[in-house]
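Protein chains in written order, with our numbering: chain E, 33 to 269; chain G, 33 to 269. Note that CB positions come from ideal geometry on N, CA and C, so glycine has one too. Just so we're clear, the structure is a prediction, and the values are computed from it rather than from any experiment. Have a look at the structure below before the remarks.
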DNA sequence: ATAGTTAGTTTAAATTTTAAACAAAGGTAG
DNA sequence: CTACCTTTGTTTAAAATTTAAACTAACTAT
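Written as structure tokens, this is what we have:
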């Protein structure tokens with residue numbers, strides 16, 4: 033038992049993980065809760081922070097324990113602390129955000145006797161706690177992020193075609209076949225893509241395969257406070 | 033005394049408040065710590081969260097108690113939870129961010145026998161805890177925010193000239209006399225400014241006074257996910 | 001009346017964006 | 001082998017926007 037002079041809240045982490053498999057929908061990683069409260073409901077992966085681990089460490093640990101997904105980059109999203117957000121008492125939760133490609137993170141182990149599953153974004157189930165608020169904020173973050181960072185870095189496999197990159201943008205921005213040949217021009221002009229070969233065995237002209245060039249990306253991101261990159265990525269829909 | 037089955041961290045809030053008085057420098061509100069740890073050091077206003085108040089409520093309460101500054105909008109900035117960031121033990125702090133104009137928020141009461149003072153951004157003293165990290169992140173947020181929201185709403189008095197607005201942008205972006213007559217064109221084109229009169233008794237052609245039009249702003253912010261407003265405000269330096 | 005100072009407009013050249021037509025490189029079916 | 005289908009990739013001219021220079025306006029101070 034632990035005793036303190038003043039009352040203290042519990043602190044948890046929750047993790048919003050988006051996955052992409054090349055299709056028309058992004059997916060989100062959810063778990064089915066094995067215990068009360070909200071037993072049997074779907075929820076974001078997450079749990080209590082240990083006192084000897086940093087917040088991000090706690091997020092990665094809980095994610096792996098509950099879903100088997102690991103080796104990913106996370107960024108902090110927002111902290112939720114409404115007085116009555118958890119029926120167990122005062123619980124403050126720090127939410128994290130991540131993008132992965134589903135080829136590299138397919139596994140969904142179920143260690144704690146809880147199920148874990150990838151849901152298409154437009155078919156999410158009802159969620160426990162205030163997790164639908166968290167997801168709403170994460171969606172906003174994603175829509176903003178796509179404007180100033182090349183999200184393909186994280187969502188696509190190492191090598192991809194411009195067509196796949198465009199499909200990803202259309203999926204994330206949720207627009208019907210938005211682009212023009214100008215997508216190609218604008219993306220290539222940035223210089224963050226590097227040719228690495230050609231498609232094989234496709235029933236049409238094989239497309240050039242590209243990979244992201246981290247160095248060029250960094251240089252661009254530093255120029256004028258990132259404004260150069262931001263303007264390059266923030267094209268009309 | 034309060035007893036729990038598992039150990040719990042303390043949770044605090046810290047508030048970064050920027051003030052503007054029309055000059056060449058933004059200012060930041062700091063307090064001098066009256067107790068240990070870091071007694072006598074300057075720090076961000078802030079303190080422990082009560083269990084029956086929301087995080088934002090706690091931020092506003094602590095700010096008023098320590099500095100007398102109240103009636104302002106805050107937004108959440110980031111949550112700091114490194115294991116050893118506070119010598120008193122595990123303390124997780126939710127940082128908030130705010131912009132005010134110094135005409136409306138001049139008062140700096142010192143209730144808790146602590147001093148509170150506005151410091152020019154380029155003359156900040158050494159700070160307690162990891163508060164210089166927090167300020168660094170707040171500066172980044174401000175530099176980003178200026179690109180997609182009209183910060184004049186919060187930093188300028190209700191009525192102002194285009195010259196004052198331009199001076200503010202130069203101050204925040206830290207550029208030497210950046211603009212062209214094009215600043216005027218771009219800002220006016222957005223339609224978020226409304227004429228309300230003319231300057232009086234100035235030794236030159238009196239400038240038109242403007243105020244922000246909240247309605248137009250909201251409409252613009254909604255158009256295409258805020259893209260219209262973002263592109264209107266994100267001009268070259 | 002004139003000089004000094006900042007406000008504000010007009011405009012033409014330079015640049016960028018947009019969108020259409022067109023050309024290329026495969027595989028596949030007959 | 002040839003014609004055709006599909007998607008990739010290029011060229012380009014018209015339209016729109018940006019840039020920056022010269023110019024005009026309105027007021028106070030001397």
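| Check | Outcome |
| --- | --- |
| Spatial neighbours of residue 79/E within its chain, please: CB distance less than 8 Å, with the 5 preceding and 5 following residues excluded, ordered by chain position. | 44, 45, 90, 94, 97, 98 |
| If the cut-off is 7 Å on Cβ atoms, which residues from the region 163-196 of chain E count as contacting chain G, listed in chain order? | 175 |
| Go ahead and pull the three-state DSSP assignment for residue 156/G. | coil |
| Would you list the residues sitting across from residue 134/G in a DSSP beta bridge? | Beta-bridge pairing links residue 134/G to no other residue. |
| Is the beta carbon of residue 117/E closer than 7 Å to that of residue 162/E? | yes |
| Who are the near neighbours of residue 115/E in its chain, counting only those whose CB is closer than 8 Å to its CB and skipping five residues on each side? | 122 |
| Using alpha carbons as the reference points, say which of 129/G, 262/G, 199/G lies closest to residue 250/G. | 262/G |
| Can you name the residues of chain G whose CB is closer than 8 Å to the CB of residue 155/E? | Under the 8 Å cutoff, chain G gives no residues; its nearest Cβ is about 22 Å from residue 155/E. |
| Are there 16 or more other CB atoms within 10 angstroms of the CB of residue 64/E, so buried, or fewer, so exposed? | buried |
| If the cut-off is 9 Å on Cβ atoms, which residues from the region 41-66 of chain E count as contacting chain G, listed in chain order? | 41, 42, 43 |
| On a Cα-Cα basis, can you pick out the residue from 183/E, 191/E, 218/E that is closest to residue 201/E? | 183/E |
| Of the choices 39/E, 101/E, 124/E, whose alpha-carbon is the least far from that of residue 111/G? | 124/E |
| Hey, residue 52/E and residue 171/E are a contact pair by Cβ (cut 8 Å); roughly how many whole angstroms apart? | That belief does not hold up - the Cβ atoms of residue 52/E and residue 171/E are roughly 14 Å apart, past 8 Å. |
| Going by CA-CA distance only, name the one from 185/E, 205/E, 219/E that's closest to residue 105/E. | 185/E |
| Check each residue of the region 106-117 of chain E: if its Cβ is closer than 8 Å to any Cβ of chain G, include it; give the result in chain order. | 108, 110, 111, 113, 114, 115 |
| Where does the unbroken alpha helix (DSSP H) through residue 199/E begin, and where does it stop? | 194-205 |
| Is it buried or exposed, residue 199/E, if we count other Cβ atoms within 10 angstroms and call 16 or more buried? | buried |
| Under 9 Å Cβ-Cβ, which residues of chain E neighbour residue 87/G? | 111, 112, 113, 114, 124 |
| Just checking, does the region 235-253 of chain E make contact with the region 151-167 of chain G on the three C-beta pairs under 8 Å criterion? | no |
| Suppose contacts are defined by Cβ-Cβ distances below 7 Å. Is residue 179/G in contact with residue 266/G by that definition? | yes |
| According to DSSP, is residue 248/G part of a helix, a strand, or is it coil? | helix |
| According to DSSP, is residue 148/G helix, strand or coil? | strand |
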